[in-house]
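Working notes, beginning with the structure itself.
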Amino acid sequence: MADTHSGDAFVEFERVQKSYDGEVLVVKDLNLSIPKGEFLTMLGPSGSGKTTCLMMLAGFETATHGEIKIDGVSINNIPPHKRGIGMVFQNYALFPHMTIAENLSFPLEVRKIGKSDREAKVKRALDMVEMGDFGGRRPAQLSGGQQQRIALARALVFEPELVLMDEPLGALDKQLREKMQFEITHLAHSLGITTVYVTHDQTEALTMSDRVAVFDDGRIQQIDPPDVLYENPKNAFVAQFIGENNTLHGTVKSISGDECVVVLDSGEEIDAMPVNVSKVGERTTVSIRPERVEFDKSRLHADAHTLKAEVLEFIYMGDIFRTRLRVAGTDEFIIKSRNAPDQTRLKPGEHVEIGWLARDCRALEA
Amino acid sequence: MSETGQNTGQNGLVLAADGTPLKKSLARSLRVEKLRALALIAPLLLFVLFSFIWPIGEMLFRSVDNRDVGEVLPKTVAVLKDWDGTSGELPDETVYKAFTADMLVAIDAKQHTKLGRRLNYETSGISSLFRKSGRKIKKLDLETDGPFKEALIKIDKKWGDVETWKAIQTHSVKYTDGYYLAAIDMQRTPEGAAAQSEDKRIMMTLFKRTLWMSMIITGMCVLLGYPVAWILANLPARSANLLMILVLLPFWTSLLVRTSAWKVMLQQQGVINEVLVWLGMVADDSRLVIINNQFGTITAMTHILLPFMILPMYSVMQTIQPTYLRAAKSLGATNWTAFWRVYFPQSIPGIGAGSILVFILSIGYYITPEIVGGAKGVFISNRIAYHISSSGNWGLAAALGAILLAVVLVLYWVYDKIVGIDNVKLG
Chain R
1 MADTHSGDAF VEFERVQKSY DGEVLVVKDL NLSIPKGEFL TMLGPSGSGK
51 TTCLMMLAGF ETATHGEIKI DGVSINNIPP HKRGIGMVFQ NYALFPHMTI
101 AENLSFPLEV RKIGKSDREA KVKRALDMVE MGDFGGRRPA QLSGGQQQRI
151 ALARALVFEP ELVLMDEPLG ALDKQLREKM QFEITHLAHS LGITTVYVTH
201 DQTEALTMSD RVAVFDDGRI QQIDPPDVLY ENPKNAFVAQ FIGENNTLHG
251 TVKSISGDEC VVVLDSGEEI DAMPVNVSKV GERTTVSIRP ERVEFDKSRL
301 HADAHTLKAE VLEFIYMGDI FRTRLRVAGT DEFIIKSRNA PDQTRLKPGE
351 HVEIGWLARD CRALEA
Chain P
367 MSETGQNTGQ NGLVLAADGT PLKKSLARSL RVEKLRALAL IAPLLLFVLF
417 SFIWPIGEML FRSVDNRDVG EVLPKTVAVL KDWDGTSGEL PDETVYKAFT
467 ADMLVAIDAK QHTKLGRRLN YETSGISSLF RKSGRKIKKL DLETDGPFKE
517 ALIKIDKKWG DVETWKAIQT HSVKYTDGYY LAAIDMQRTP EGAAAQSEDK
567 RIMMTLFKRT LWMSMIITGM CVLLGYPVAW ILANLPARSA NLLMILVLLP
617 FWTSLLVRTS AWKVMLQQQG VINEVLVWLG MVADDSRLVI INNQFGTITA
667 MTHILLPFMI LPMYSVMQTI QPTYLRAAKS LGATNWTAFW RVYFPQSIPG
717 IGAGSILVFI LSIGYYITPE IVGGAKGVFI SNRIAYHISS SGNWGLAAAL
767 GAILLAVVLV LYWVYDKIVG IDNVKLG
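Respectively, the protein sequence lines represent chains R and P.
Residues in the first sequence are numbered consecutively from 1, following this note's numbering.
Residues in the second sequence are numbered consecutively from 367, following this note's numbering.
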């Protein structure tokens, strides 16, 4: 499991377990350390334990076992309101009976900060999210994107060192979401705050984070920077969950260094990189990114293995073409190719030969 | 076709495709829908009109209606107009003659006792005067038995009393504010409106008590109902439903049974006193008096009206997401601050709706105060019921009812000014 102890850890989970009913562990033996200033995303399908981890960090759930530390101090017995952690909720949770300024002023009031100080901080926070003129309005009078900014400003106004965000962009439309993704990362980095961000949207995770922790079944399956995660998934779940992947099943025929040959169930042979396989004869699932598949023979090694494929569907998507092929017994094999002037547009019914570089095709556990 | 793609007529009206003004065209297309909607609500509308609005209007009209005197004694009323009651002199023979003539007609139609009863509301004793004199006046002959002044005074010397004639004169107007004056402990005298004699003043006490006790009952319901509604709204659905059944259970039992049960509980030989005596907390000879007074009424009515408070509060609290409390805590608020500054303000619409409901219900409550209220714990509604069914003074009952209605409307208006009626949610 991902065990990333380091000396400069700001937030630490040490062997944390969580169970709601005493029968099933929702979080299993979680170890995680987050250095100061990092933007870490917890990514995973629903029920994978990521939100539970966030809630334990915020103090709304107690860990069944293990310790959570901030700055070296165990916070297991500190109530949420004393943790000083900013939090942005999924549906923003802006108080509907208060104006925007009152919402922002709330965390400062409960901290007994003087009126003039309070007003200055509220103004600064509103300006920070470019909502300076909206202080007098009520949350219901704002659009989703504006509410999102206010929620962010409210979580930051009392200058916490750690901010948690629980799928904060889930309710926004695509364009706004992309804009906010950029703004949130920019803000988090410029303020130097540590951010723990929970999402089930892998694009969001990849574009925003310094590191991504992929959760499944109560465990961190892999924790790495986005590019490593995308290009070197450590197991079949991560490969499948991050981005799009073509999977084929087969048996390892031979291994030589970081290359191997896999015999597919259809009898054809392909080149792959052994990741989670070590023995000849082992069952394996190989995964290949759609954009790394070549159908132009001149761009492959002369001795590369190829597969026969029949074009089933060609989808024009603007910036890319998406072609669905029948390969080695599956009808769901996808190729993505860039919409460039010299790009070939495959036609349904056409027969082609496809292949790839061995390092782009990862032989994972079955 | 203009540039905006709309047909515009000469005077700037927007036109439909066939050249008719768009508004007219729209109204025509909506007419069928409106008619259909009207047809759907028509049965209820008619039912409410005939069974509710019309009788209530009729009843309210009774509070000012005073045609009895004029209808039964038309000639007397006409000639009494010229008499000056303040002079201290009796009216002259013409009045007595006209009165005898009117009475002869009224006695035949058996109307004179009704008139006596009506005048008795204002001046006690007149009812028996009319009833007793009636038998003797019947024997008088209009042609032969004059002069009638002496004849009538001979029948009953009260006919020689200026006050009797003043009463008839004062109450001979068609419409009167007398019932309303009576409803606020005043009376109409020949000299104008005046305060009722002290021993007869009861209405204002009752009004004040009704309002005051309704407020206490509403307050008790808020205090007792709020935590229950909160638990209901925050429990998992299964246990919440079970608890909800317990809240609604009283609705399945007759109001009379529940009130009677309180009687069993509260009386001096009742369950509560027996248990306290048995535990030795109360001496046998100083049992608590907790029934037939205000305590009894407040206790029983709080219990009976509690569901009306819990239900609106519950439905409002259900819509308050738990994340608000979490957000408040994450922002540094203690449990109490989070509740008081974030949860409570959002639950006010529920408290408002429940309070209006309970207050208006209790202001007009009748059965419970009647059974457990005794003399000190009855409401104005018990007085209304008394005048409707026992004393027969429907005019006064109507006036009391109208005042009660006005009070409710005024309070509703005040509430709207302070809290805002938009803030009231039943769900």
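Note that beta-carbon positions come from the ideal geometry of N, C-alpha and C, so glycine has one too.
What residue from the options has the CA that sits closest to residue i's CA?
i, options, result
"residue 668 (chain P)", "P:714, P:646, P:721", "P:721"
"residue 84 (chain R)", "P:699, P:449, P:411", "P:699"
"residue 566 (chain P)", "P:553, P:574, P:663", "P:553"
"residue 42 (chain R)", "R:302, R:224, R:117, R:9", "R:224"
"residue 101 (chain R)", "R:126, R:110, R:219", "R:126"
"residue 510 (chain P)", "P:466, P:525, P:519", "P:466"
"residue 235 (chain R)", "R:248, R:221, R:247, R:245", "R:221"
"residue 533 (chain P)", "P:452, P:584, P:641, P:421", "P:452"
"residue 16 (chain R)", "R:64, R:248, R:60", "R:64"
"residue 191 (chain R)", "R:156, R:296, R:181, R:278", "R:156"
"residue 131 (chain R)", "R:120, R:149, R:346", "R:149"
"residue 60 (chain R)", "R:46, R:72, R:76, R:69", "R:76"
"residue 696 (chain P)", "R:69, R:58, R:291, R:247", "R:58"
"residue 591 (chain P)", "P:638, P:499, P:718", "P:718"
What's the C-alpha gap between residue i and residue j?
i, j, result
"residue 270 (chain R)", "residue 307 (chain R)", "8 Å"
"residue 485 (chain P)", "residue 624 (chain P)", "41 Å"
"residue 606 (chain P)", "residue 600 (chain P)", "8 Å"
"residue 741 (chain P)", "residue 659 (chain P)", "7 Å"
"residue 370 (chain R)", "residue 23 (chain R)", "The requested residue 370 (chain R) does not occur in the structure, where chain R is confined to residues 1 to 366."
"residue 195 (chain R)", "residue 11 (chain R)", "10 Å"
"residue 5 (chain R)", "residue 33 (chain R)", "Per-residue confidence for residue 5 (chain R) stands at a pLDDT of 47, beneath the threshold of 50, marking its modelled position as unreliable; no derived number is given."
"residue 266 (chain R)", "residue 329 (chain R)", "7 Å"
"residue 244 (chain R)", "residue 152 (chain R)", "31 Å"
"residue 183 (chain R)", "residue 193 (chain R)", "14 Å"
"residue 428 (chain P)", "residue 434 (chain P)", "11 Å"
"residue 775 (chain P)", "residue 133 (chain R)", "41 Å"
Kindly indicate which three-state DSSP category residue i falls into: helix, strand or coil?
i, result
"residue 541 (chain P)", "strand"
"residue 550 (chain P)", "coil"
"residue 186 (chain R)", "helix"
"residue 670 (chain P)", "helix"
"residue 462 (chain P)", "helix"
"residue 381 (chain P)", "strand"
"residue 713 (chain P)", "helix"
"residue 48 (chain R)", "coil"
"residue 647 (chain P)", "coil"
"residue 663 (chain P)", "helix"
"residue 275 (chain R)", "coil"
"residue 297 (chain R)", "helix"
"residue 15 (chain R)", "strand"
"residue 211 (chain R)", "strand"
Is it right to say residue i is buried, meaning 16 or more other beta carbons lie within 10 angstroms of its own, or is it exposed?
i, result
"residue 418 (chain P)", "exposed"
"residue 402 (chain P)", "exposed"
"residue 275 (chain R)", "buried"
"residue 356 (chain R)", "buried"
"residue 383 (chain P)", "exposed"
"residue 319 (chain R)", "exposed"
"residue 396 (chain P)", "exposed"
"residue 753 (chain P)", "buried"
"residue 289 (chain R)", "buried"
Under 9 Å Cβ-Cβ, which residues of chain R neighbour residue i?
i, result
"residue 403 (chain P)", "Residues of chain R passing the Cβ test: none, with the nearest at roughly 30 Å."
"residue 712 (chain P)", "95, 96, 97"
Does chain C have any CB closer than 9 Å to the CB of residue i?
i, result
"residue 93 (chain R)", "Absence of chain C from the displayed structure is noted, the protein chains being R and P."
List, in order along the chain, the chain P residues whose C-beta lies closer than 8 Å to that of residue i?
i, result
"residue 85 (chain R)", "696"
"residue 89 (chain R)", "689, 692, 693"
"residue 13 (chain R)", "Under the 8 Å cutoff, chain P gives no residues; its nearest Cβ is about 19 Å from residue 13 (chain R)."
Mind pulling the chain P residues with CB within less than 7 Å of residue i?
i, result
"residue 124 (chain R)", "In chain order: nothing, as chain P lies at least about 17 Å away."
"residue 107 (chain R)", "697, 698"
"residue 60 (chain R)", "692"
List the residues of chain R whose Cβ lies closer than 7 Å to the Cβ of residue i, in chain order.
i, result
"residue 708 (chain P)", "95"
"residue 700 (chain P)", "81"
"residue 703 (chain P)", "110"
Name the chain R residues whose beta carbon is nearer than 8 Å to that of residue i?
i, result
"residue 690 (chain P)", "93, 95"
If the cut is a Cβ gap below 9 Å, which residues of chain P does residue i touch?
i, result
"residue 10 (chain R)", "Under the 9 Å cutoff, chain P gives no residues; its nearest Cβ is about 18 Å from residue 10 (chain R)."
"residue 154 (chain R)", "693, 697"
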